[in-house]
Every structure is written in structure tokens, then in C-alpha cells.
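Contents: one structure, followed by commentary.
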Amino acid sequence: MAAITLSAITKRFGSFDALQPLSLEVQDREFVALLGPSGCGKTTTLNILAGLEAPTSGRILIDGRDVTDIPPMQRNLAMVFQSYALYPHLSVRRNIAFPLEVRRAPRAEIDSAVARAAELLEITPYLDRYPRALSGGQRQRVALGRALVRKPAAFLLDEPLSNLDAVLRLQMRAELSGLFRSLGATALYVTHDQAEAMTMADRIAVFAAGRMLQFAPPLTIYRAPADRAVAAFVGAPPMMFLDGIVTDGGAIQAGGLTFPARHAPLAPGAAVTLGLRPEDVSPARDGPTAEVVLVEHYGGNQVVTLRAGPARFCMLSPPDMRIEQGHRIGVSVDPRNLYLFAPDTGRTLAAPGLDPRNETR
Amino acid sequence: MIRRLAIILALAVALGPFVVLMVNSVRPSDAFLAPGAGFIPGTITLDHYRAVFGGDGETLRFLANSVIIATATTLLALLLGAPAAYALARARLPFRLSIVFALAFLIVRFYPKITVALPYYLIMRDLGWLDTHLAVILAHVSVTVPFVVWLMLGFLEELPPEIEQSAMMDGCNAWGRFVRVVLPLSMPALGAAAVLTAFTSWNEFLLASTVASNDAKTLPVRISSFITDKGILWGNMAAMGTVIVLPVALFAFATQRYLVRGLTVGAVKG
Numbered sequence: 001m002a003a004i005t006l007s008a009i010t011k012r013f014g015s016f017d018a019l020q021p022l023s024l025e026v027q028d029r030e031f032v033a034l035l036g037p038s039g040c041g042k043t044t045t046l047n048i049l050a051g052l053e054a055p056t057s058g059r060i061l062i063d064g065r066d067v068t069d070i071p072p073m074q075r076n077l078a079m080v081f082q083s084y085a086l087y088p089h090l091s092v093r094r095n096i097a098f099p100l101e102v103r104r105a106p107r108a109e110i111d112s113a114v115a116r117a118a119e120l121l122e123i124t125p126y127l128d129r130y131p132r133a134l135s136g137g138q139r140q141r142v143a144l145g146r147a148l149v150r151k152p153a154a155f156l157l158d159e160p161l162s163n164l165d166a167v168l169r170l171q172m173r174a175e176l177s178g179l180f181r182s183l184g185a186t187a188l189y190v191t192h193d194q195a196e197a198m199t200m201a202d203r204i205a206v207f208a209a210g211r212m213l214q215f216a217p218p219l220t221i222y223r224a225p226a227d228r229a230v231a232a233f234v235g236a237p238p239m240m241f242l243d244g245i246v247t248d249g250g251a252i253q254a255g256g257l258t259f260p261a262r263h264a265p266l267a268p269g270a271a272v273t274l275g276l277r278p279e280d281v282s283p284a285r286d287g288p289t290a291e292v293v294l295v296e297h298y299g300g301n302q303v304v305t306l307r308a309g310p311a312r313f314c315m316l317s318p319p320d321m322r323i324e325q326g327h328r329i330g331v332s333v334d335p336r337n338l339y340l341f342a343p344d345t346g347r348t349l350a351a352p353g354l355d356p357r358n359e360t361r
Numbered sequence: 362m363i364r365r366l367a368i369i370l371a372l373a374v375a376l377g378p379f380v381v382l383m384v385n386s387v388r389p390s391d392a393f394l395a396p397g398a399g400f401i402p403g404t405i406t407l408d409h410y411r412a413v414f415g416g417d418g419e420t421l422r423f424l425a426n427s428v429i430i431a432t433a434t435t436l437l438a439l440l441l442g443a444p445a446a447y448a449l450a451r452a453r454l455p456f457r458l459s460i461v462f463a464l465a466f467l468i469v470r471f472y473p474k475i476t477v478a479l480p481y482y483l484i485m486r487d488l489g490w491l492d493t494h495l496a497v498i499l500a501h502v503s504v505t506v507p508f509v510v511w512l513m514l515g516f517l518e519e520l521p522p523e524i525e526q527s528a529m530m531d532g533c534n535a536w537g538r539f540v541r542v543v544l545p546l547s548m549p550a551l552g553a554a555a556v557l558t559a560f561t562s563w564n565e566f567l568l569a570s571t572v573a574s575n576d577a578k579t580l581p582v583r584i585s586s587f588i589t590d591k592g593i594l595w596g597n598m599a600a601m602g603t604v605i606v607l608p609v610a611l612f613a614f615a616t617q618r619y620l621v622r623g624l625t626v627g628a629v630k631g
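Same order as they appear, the protein sequences are chains A and B.
If you count by our numbering, then the first sequence holds residues 1 to 361, one letter each, in order.
If you count by our numbering, then the second sequence holds residues 362 to 631, one letter each, in order.
So this is what it looks like as C-alpha cells:
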């Protein structure tokens, strides 16, 4: 396994800047998720690291060795593709053996490595089948097996779970997580699913429009987002944003509601964007009220969409609470859980994870 | 009804000459020019086949020539055409050179071959290769390689790029990817290219007749020698024609899946 350094990587397609200068250090044995919406540059980053695309400028180092001009086959990286990219003309056994066969490894070594990988992934019964006779989940495992069978410097995974159905995706997510942890492998994992990134990664690199917005552990991303875009992308249901104004007393007034604030003092009258995570809003007997616009019951909890003046936001409430559409209910927000952003730049002014008084974070 | 009529009409036009050929191959010689002879001969005879195959056994020699030349042409055309197509499909050449090369192949496909027949004859004469298998094979390869290249190009462009990228990550260089992944996946297209190349070589007359007058003579060239100074031997011609067409027809029937696939390659996803 190896540490990986991307240093000031850029990528241009014609006149389109696919990647702004990007520097990223992945430590040995670290699992890093590259998270962002489609077209944000995360897959381009992975392809550049793999050597499938050349960066326009910048250097790539694997364990200190500059591999920028080295072709993919000599970088010793293993990749799992979104489409699995299995070899349709080869059996599962030969698919997994392929990287070793290419390297002309001794037959006995290949056989034992394939058997080990197959056992690890529980695909031993399918070894003599062809990819076309496998389900999506089984193909996924074969693609993983092909990556695991040799000892690569790092694993590159490009949305490996996105073609699986929801139940299988959850199951594989947990399995993959455990697998890579037990292997002690360096892995870069591209995904647009924030839940995958949050649950699997040691650190998440959040991308948008060709730029890396933040690179930090999941909880830091969640509780101390670098800016509004990161905050909006991480969390489900997503954070809601309200236009607010700082009152003379230092509180934040937004959409007819006043939120007591606990943050570095802002100038009275200044405009701020207030971010509310649904789980930070809770029903209250007294305090400001809001109108219930929509109730979505998920069984385990319910997401309530509220309106107060021009502002709309969401609340996560316990499943047994009766909330009726059209009624007004009282809401409260713990001042420690307020997110404040600069309305013009989107930069974070205050967040729970940035407040040293939130010692539990 | 109209649709059926159209099909019958099209079939009649397509197969009519073949039927006439078969009928003529068993028509007695004296019935060809007899007044009042109908389409269906009064008596049938195998004399023409006997004449064609009997005697000096020359026809068998020409048949062997045709088989050798068609086989060698097919192998060579695939051997050259498939890697060329792969290179054209994948190599990132500057100035859109890939397109220039591909179009060059296309031009070779469409200019009239008579324009090169004489120069080719002169080249072969100077090399001392006249009337050898090699001379005919080279001519046929030059005719068929562009076709193989274009058919394979259409197919290769449909191959999902991730499969080759995956092979790259697994450690294959370009040749390894071609041999281990691309070729096996290209079998349907290669099969179609092989069949169509073999047919082209088997049927080719112009270039073969230009450079192979005796020893390397192929069956289609042999047909023309039934036009003699004493008259045209219609029956022998028809018998020989049938001998040429039959294997093609049978082979086409046996490989029709490949053929249809090959002719529509690029039109549908595999």
C-alpha cells in the first residue's frame, strides 16, 4: 500500500476547465472518498491518478515516486469501474486471474490467489460462470476480486455501487467498508452518494464544478463545512437555507423567526444566510411557530416541511408525533447547531463543528 | 399481398440468373442454339460437368488455386487489416491523421480496379512473379484490406472503452490489450470480415486474369477460356459457373448470422 500525492493538478478539455489546480494528499492505508455531483471533476481526478488521462499540468506521486509520465499499466494501481468492465469472453476465474496472467505469475500462485479472493468475496460457486450469467451484485464482486487479486499500491473505485439496487447497495457498502479496513488498503472512492462517503471514508474530498471545496473527515465535513455548497451537498434530508439579518441584540432574524445566536459577533444589520439541518430543528410547546406545509412519513421518522413568512425549512421529528398539514406548530433550534454563511461568497461564518464550546464534537 | 409480390419479384431478379446458369449447365450442347428451344431443356445431361472435370484434371488444379488464393488472401487481409483498424480506432494521432488514413482506405475501396490492372501487371512482370499464387494473393489483399479495416473500425468503435481501460489497469500494454481482450471480443466481426473477404477473392476476375494466365489461374478466369476461337462453350461455362457459385451459396447460408452481423456492424449495439 502507498501514500498518494496530487500536486497542483489541472485538466483542460479544449476551453473547459475540468479541474482547477488540485492538491490532495492521501495517506498510506487511508480510505478517501471523492464526493460531488456529476461533472464536478471527481472521476477526472481518478482517471488522472490512474493514468487513463493525462493532467494538463501538475504532478502525481505514489509513495514519493513521480508517476505523472508513467503509463497506467506501470503504476500498480487497481481500478473498479462503474460498469464493472469485466471481460465478457472470460470466465469469472479467468477474469480474476487476468492481472496475474498478464504478469506471467506462476500457475500455482495464480490459482491460490484467485481462490483466496473468491472466498473473501463469496463467489467461489460462480468461478466457472461467465459474466453474462451473473447478477449485478455478483459482477460487482468479480470486479472487486480482479482488483484484490494482486497487491496494488492503491485501489481506485469509480462509483462501484451505483448500478446496484438500493438494498444490495447498503449491504455492499458495509461489506466494502469492512473489506478495505481489514486489508489496510489505500483507496480512493468516487461517489455522488453522500451517505456512502460519510459512512465509508476516513476523509472526504468534496468537489463542485472542477474545484475541491473541502478535504476533511466526515464529521468535520458535516458539522464544520467550509462553505454553503459543502453544507448543501452533505446531509439527507439536506440543509435548508434562509435569508437572515443580524439584529441589534446579535440574534438572527429570518423569515419571521428569530434565532438566538451563539457565535462570533456579527455587525447588526448584516445580511447572513442561515443554514438549518432538519435534525437540529425540533418541535416545541412555546417559541416561534411555523405552518406545516408537508409531512413525509418514513416509518422510522417523519420529515416535516415548514413555512414561516417567506422562509421554508425542514424538521426531522419522531415517528409517533401527530403533525397535521396546515396547522401551525412551535419550533426551536438549539443555538449551538446554527450554521451561518456569508450570502455573497458562501463562506462559513459559524458552524457547530467550528465552535470550541461544542466540546462533544 | 403487395409486399409478398415485391419479395417474389426481388427474389426472381436476384436468383433468376442463377437458375438459368444451373439449367444451362445440364442442357445438351445442341439444344443451346436449336430453334424453338424452351427454357426447360427436353433432355438433361451431365456431359458439361464431365467435360469440365474430366480430361487433364486442369479444373481441379484451378479449383485448388482458387482455394489456396482465397484462404491466403483472407488470412493476410485479417492479419493486416485488424491491427490496422485497431490502431486507427485507438491511436491519438495529431492533425486528425486517423481520419485521413481511414479515408485513404475508403478511396482504395471505390476506385475502379482496371486503373491499376496494367501497372500491377508491369510490377509483377518486373519482379518475375507473373502467374504465381503470390501475385494474385497480393492483388486480392490490396482489394480486401480496406474493406476489413472499415468493417473492424465500425465494430471497434462500439466496444465500451472501459474494458480496454480495465485491461490497461490490469497491466496490459497495447499489444496485450489487442490480443487478450480486443481480438476475442471481435470474433463476430472478424468472422464476417473473413467470410466476405474469402468471397471477394473467390469471385475476383479482373486482377487474377491480368497476372495469372496459366499456372495460378483461378476458376473465374478459367470460365473466360471457354470462349474459344471455335465458338463459345455455353454448357461448359454454365457447369463451371455452377461449380464456382455453389460453395459460395452454401457457405453464405451456413454463415448467414455472421454475414448479417458483419453487414450491419456499427448500426446496432452488440
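For glycine and all other residues, C-beta sits at the position ideal for the given N, C-alpha and C.
Computed from a prediction, not measured in an experiment: that's the story for all the values here.
Check: Shorter than 9 angstroms from the beta carbon of Pro106/A to some beta carbon of chain B?; Outcome: no
Check: For Thr476/B, is the classification buried or exposed, using 16 other Cβ atoms within 10 angstroms of its Cβ as the cut-off for buried?; Outcome: exposed
Check: Look at the Cβ atom of Gly137/A, then the Cβ atom of Ile96/A, and state whether they are nearer than 9 angstroms.; Outcome: no
Check: Just reading off the beta strand (DSSP E) that Ile356/B is part of, what are its end residues?; Outcome: The requested residue 356/B is not part of the displayed model; chain B covers only 362 to 631.
Check: Do the segment 122–138 of chain A and the segment 79–91 of chain A meet, that is, are 3 or more Cβ pairs less than 8 angstroms apart?; Outcome: yes
Check: Considering Cα atoms alone, identify which of Ala105/A, Ile245/A, Gly256/A and Gly64/A is closest to Leu266/A.; Outcome: Ile245/A
Check: Please list, in chain order, the residues of the segment 65–84 of chain A that have any C-beta partner in chain B closer than 7 angstroms.; Outcome: Pro72, Met73, Leu77, Ala78, Met79, Phe81 and Ser83
Check: Which residues in chain A sit within 8 angstroms of Ile460/B, going by Cβ to Cβ distance?; Outcome: Correct list: empty, because the minimum Cβ distance to chain A is about 18 angstroms.
Check: Name the chain B residues whose beta carbon is nearer than 7 angstroms to that of His89/A?; Outcome: Pro545 and Leu546
Check: Under a three-way DSSP split, which group does His327/A fall into?; Outcome: coil
Check: Using beta carbons (cut-off 9 angstroms, strictly below), is Ser503/B in contact with chain A?; Outcome: no
Check: Among Gly403/B, Tyr410/B and Leu441/B, which one has its Cα closest to the Cα of Asn597/B?; Outcome: Tyr410/B
Check: Alpha carbon to alpha carbon, how far is Val540/B from Ser57/A? Give it in angstroms, no decimals.; Outcome: 33 angstroms
Check: Could you give the first and the last residue of the continuous beta strand (DSSP E) run that contains Gln253/A?; Outcome: Ile252 to Ala254
Check: Could you pull out every residue in the same chain whose Cβ sits closer than 6 angstroms to the Cβ of Val234/A, ignoring the five residues on either side in sequence?; Outcome: Gln194, Ile221 and Tyr222
Check: Beta carbons nearer than 9 angstroms to chain A: which residues of the segment 453–480 of chain B have them?; Outcome: none
Check: Chain B beta carbons: is any one of them nearer than 9 angstroms to that of Leu362/A?; Outcome: Since the first residue shown for chain A is 1 and the last is 361, residue 362/A is missing from the structure and cannot be characterised.
Check: Is the shortest distance between the beta-carbon of Ala528/B and the beta-carbons of chain A less than 9 angstroms?; Outcome: yes
Check: Say whether chain B places a C-beta atom closer than 9 angstroms to the C-beta of Phe98/A.; Outcome: yes
Check: Go through its chain and collect everything with a Cβ distance to Met485/B's Cβ below 7 angstroms, but skip five positions before and after it.; Outcome: Leu491, Ala496 and Val572
Check: Beta-carbon of Asn597/B versus every beta-carbon of chain A: anything under 9 angstroms?; Outcome: no
Check: Distance cutoff 9 angstroms, beta carbons only. Does Leu6/A sit that close to anything in chain B?; Outcome: no
Check: If you measure beta-carbon to beta-carbon, which residues of the segment 44–67 of chain A are closer than 7 angstroms to chain B?; Outcome: Ala50 and Leu52
Check: Going by DSSP, which residues form a beta bridge with Gln214/A?; Outcome: Val206/A
Check: In chain A, what lies closer than 7 angstroms to Gly532/B by C-beta?; Outcome: Met73, Pro99, Val102 and Arg103
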